[in-house]
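For reference, the structure discussed in these notes is given below.
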Amino acid sequence: MNRNQMKGAAKNVAGKVQQKLGELTGNKTQQAKGIAKQVQGNVQRGAGNVEEALDRANRKTR
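Here the numbering used here is used: the first residue of the sequence shown is 7, the next is one more, and so on.
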């Protein structure tokens with residue numbers, strides 16, 4: 007697991023927590039920010055997945 011995958015997963019979890027807190031308190035802004043953070047985390051984790059796949063493919067061609 008590379009740095010982008012770990013940071014992305016952490017952002018996703020933080021976003022879920024923020025969204026749930028927003029739901030519990032009725033704060034729509036916090037809910038939206040939590041969802042946005044989850045999207046950012048998923049994108050970052052996806053970038054990490056691509057990076058890892060490229061590294062793996064590069065190692066196979068050596």
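All C-beta atoms, glycine included, are put in the ideal place defined by N, C-alpha and C.
Going straight from the alpha carbon of Val-23 to that of Arg-68, what length do you get? As a working note, residue 23 is residue 17 in the sequence shown. As a working note, residue 68 is residue 62 in the sequence shown. C-alpha of Val-23 to C-alpha of Arg-68: approximately 43 Å in a straight line.
C-alpha distance - Gln-37 paired with Lys-43, whole-angstrom precision: For this step, residue 37 is matched to residue 31 along the sequence shown. For this step, residue 43 is matched to residue 37 along the sequence shown. Put simply, the backbone Cα of Gln-37 is about 10 Å away from that of Lys-43.
One question on the structure: do Gly-47 and Lys-17 come within less than 7 Å of each other, judged by their Cβ atoms? For the purposes of this step, residue 47 is identified with residue 41 of the sequence shown, where counting begins at 1. For the purposes of this step, residue 17 is identified with residue 11 of the sequence shown, where counting begins at 1. Judged by beta-carbon spacing, Lys-17 lies within the 7 Å limit of Gly-47, meaning their Cβ atoms are closer than that value.
Outcome for Gly-21 when other beta-carbon atoms lying within 10 angstroms are tallied against a minimum of 16: For this step, residue 21 is matched to residue 15 along the sequence shown. Taking a 10 Å sphere around the C-beta of Gly-21, we find 16 or more other C-beta atoms and assign the residue as buried.
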